[in-house]
Amino acid sequence: MGGVRTAAVAGLFYPDAPAELRAMVDDYLGQAGEGRPPKAIVAPHAGFVYSGPVAASVYHRLTPVADRISRVVLVGPSHRVAFRGLALSSAQSFQTPLGEIPLEQVSDELLRLPQLSVNDMAHAQEHSLEVQLPFLQRVLGEFRLLPIVVGDASGAEVAEVLEQVWDGEETLIVISSDLSHYHDYLTAQQMDRTTSDAILALQPERLHYEDACGRIPLQGLLEVAQRKGLDGELVDLRNSGDTAGLKDRVVGYGAYAFAVHSQQ
Numbered sequence: 024m025g026g027v028r029t030a031a032v033a034g035l036f037y038p039d040a041p042a043e044l045r046a047m048v049d050d051y052l053g054q055a056g057e058g059r060p061p062k063a064i065v066a067p068h069a070g071f072v073y074s075g076p077v078a079a080s081v082y083h084r085l086t087p088v089a090d091r092i093s094r095v096v097l098v099g100p101s102h103r104v105a106f107r108g109l110a111l112s113s114a115q116s117f118q119t120p121l122g123e124i125p126l127e128q129v130s131d132e133l134l135r136l137p138q139l140s141v142n143d144m145a146h147a148q149e150h151s152l153e154v155q156l157p158f159l160q161r162v163l164g165e166f167r168l169l170p171i172v173v174g175d176a177s178g179a180e181v182a183e184v185l186e187q188v189w190d191g192e193e194t195l196i197v198i199s200s201d202l203s204h205y206h207d208y209l210t211a212q213q214m215d216r217t218t219s220d221a222i223l224a225l226q227p228e229r230l231h232y233e234d235a236c237g238r239i240p241l242q243g244l245l246e247v248a249q250r251k252g253l254d255g256e257l258v259d260l261r262n263s264g265d266t267a268g269l270k271d272r273v274v275g276y277g278a279y280a281f282a283v284h285s286q287q
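If you want the numbering used here, it's the position in the sequence shown, counting the first as 1, plus 23.
Dropping the structure here:
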């Protein structure tokens with residue numbers, strides 16, 4: 024690919040007019056509550072009218088430490104391209120209506136991991152990463168991005184990558200995932216609560232295929248969170264029936280924040 028990875032879902036998942044997009048994201052962020060700044064977050068990736076308020080609830084947590092974060096590792100599942108392993112991009116930047124985000128140069132050490140490869144087709148139309156970018160741009164301003172799309176892989180393979188790129192407070196880890204898909208409202212609530220319990224207990228083995236489309240990236244994060252002594256916090260849990268959709272066939276959305284265990 025090289026060059027710029029242009030926005031694929033602007034005008035579909037979120038507004039393509041910069042002023043409208045900026046106002047929408049800022050409005051969602053303005054409705055969010057306060058909380059402890061996280062090292063890693065999980066945010067949903069549907070159309071903004073559906074999942075935007077839920078995503079904003081956890082992105083707002085970054086506001087007090089935004090000036091310390093200069094690098095974002097963004098990991099989400101593949102929806103359009105089937106492939107083995109984890110996909111990096113050869114682009115120099117990712118573009119949204121709010122501007123371009125420079126990609127960091129991938130280290131030789133990282134490229135030596137067998138599960139990683141450059142696969143621009145996996146990135147070209149993928150929305151799970153793209154819809155996170157306007158929130159990151161509004162909260163953080165300038166930062167470098169390491170985008171990773173996860174295909175047929177294991178949680179352990181994701182965890183191995185996350186360990187290598189974890190670094191210090193300058194690095195934010197973002198996992199992109201929705202929860203249950205296309206159940207009735209009450210069934211979705213029950214399923215998503217069970218999934219949330221597994222996430223907060225840092226138990227990746229309890230996550231199953233039907234629980235979350237980003238199950239594998241989530242499993243990888245939970246493995247690393249265990250090892251590094253992070254606590255998970257549920258920031259928001261809703262579904263499309265709560266935000267902008269009907270209640271007979273909904274998609275679940277959860278926002279989670281992970282921070283180093285507090286001694287207080």
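C-beta: ideal position from N, C-alpha, C; glycine also. Computed from a predicted model, the values in this text were never measured in an experiment.
> Is TYR73 near SER263, with beta carbons less than 7 angstroms apart?
Replying inline: Position 50 of the sequence shown holds residue 73. Position 240 of the sequence shown holds residue 263. Yes, the Cβ-Cβ distance between TYR73 and SER263 is below 7 angstroms.
> Do PRO157 and LEU126 come within 7 angstroms of each other at the CB atom, strictly closer than that value?
Replying inline: Your numbering for residue 126 matches position 103 in the sequence shown. Your numbering for residue 157 matches position 134 in the sequence shown. Contact: no.
>> Going by C-alpha to C-alpha distance, which of ARG107, GLY255 and ARG91 sits closest to ASP220?
In response: Within the sequence shown, residue 220 is the residue found at index 197, counting from 1. Measuring from the Cα of ASP220, the nearest candidate turns out to be GLY255.
> For LYS270, which residues from the same chain have a beta carbon less than 6 angstroms from its beta carbon, with the 5 sequence-adjacent residues on both sides left out?
Replying inline: Here the question's residue 270 lines up with position 247 in the sequence shown. For LYS270, where only same-chain residues beyond five positions count, the Cβ hits under 6 angstroms are TYR208 and GLY264.
> Which residues bound the alpha helix (DSSP H) around GLU233?
Replying inline: Taking the first residue of the sequence shown as 1, we reach residue 233 at position 210. Neither: GLU233 is in no alpha helix (DSSP H) and is coded neither H nor E.
>> Just to confirm my understanding: we take HIS204, look at its own chain, exclude 5 residues before and 5 after, and list those with CB closer than 8 angstroms. What are they?
In response: As a first step, residue 204 must be located in the sequence shown, where it is residue number 181. Cβ neighbours of HIS204 within its own chain (closer than 8 angstroms, five residues either side excluded): GLU233, CYS236, VAL274 and GLY275.
> Does DSSP classify ILE239 as helix, strand or coil?
Replying inline: The residue given as residue 239 occupies position 216 in the sequence shown. In this structure, ILE239 counts as helix in the three-state DSSP scheme.
> DSSP puts GLN118 in a beta bridge; with which residues?
Replying inline: For the purposes of this step, residue 118 is taken as the residue at position 95 of the sequence shown. Answer by DSSP bridge pairing, in chain order: GLU123.
> Where does THR194 sit, in a helix, a strand or coil, going by DSSP?
Replying inline: Along the sequence shown, one-based indexing puts residue 194 at 171. Three-state DSSP puts THR194 in a strand.
>> Output needed for GLN286: all residues of its chain with C-beta closer than 8 angstroms, excluding positions within five of it in sequence on either side, in chain order.
In response: Along the sequence shown, one-based indexing puts residue 286 at 263. Any answer about GLN286 is weak, because its pLDDT of 47 lies below 50 and its placement is not dependable; what the coordinates show is given next. Hits under 8 angstroms: none found.
> Just to confirm, does ALA211 get its C-beta within under 6 angstroms of one of the non-hydrogen atoms of the ligand FMN?
Replying inline: In terms of ligand content, the structure shown is empty, and the ligand FMN therefore cannot be addressed.
> How would you call GLY293, buried or exposed, if buried means at least 16 neighbouring beta carbons within 10 angstroms?
Replying inline: Examination of residue 293 is not possible in this model, given that the chain is present from 24 through 287 alone.
>> Using only CA atoms, which one of LYS62, LEU133, LEU202 and THR210 lies nearest to GLY252?
In response: Along the sequence shown, one-based indexing puts residue 252 at 229. The option with the nearest alpha carbon to GLY252 is LYS62.
> Considering only the beta carbon of each residue, do ILE92 and LEU159 sit closer than 7 angstroms?
Replying inline: Taking the sequence shown and counting its residues from 1, the one referred to as residue 92 is at position 69. Taking the sequence shown and counting its residues from 1, the one referred to as residue 159 is at position 136. No, the Cβ-Cβ distance between ILE92 and LEU159 is not below 7 angstroms.
> If we count Cβ pairs, one from each stretch, closer than 8 angstroms, do we get three or more for the region 173-186 versus the region 238-253?
Replying inline: yes
> Would DSSP call ALA31 helix, strand or coil?
Replying inline: As a position in the sequence shown, residue 31 is number 8, starting the count at 1. Looking at ALA31 - three-state DSSP - the assignment turns out to be coil, as it is neither helix nor strand.
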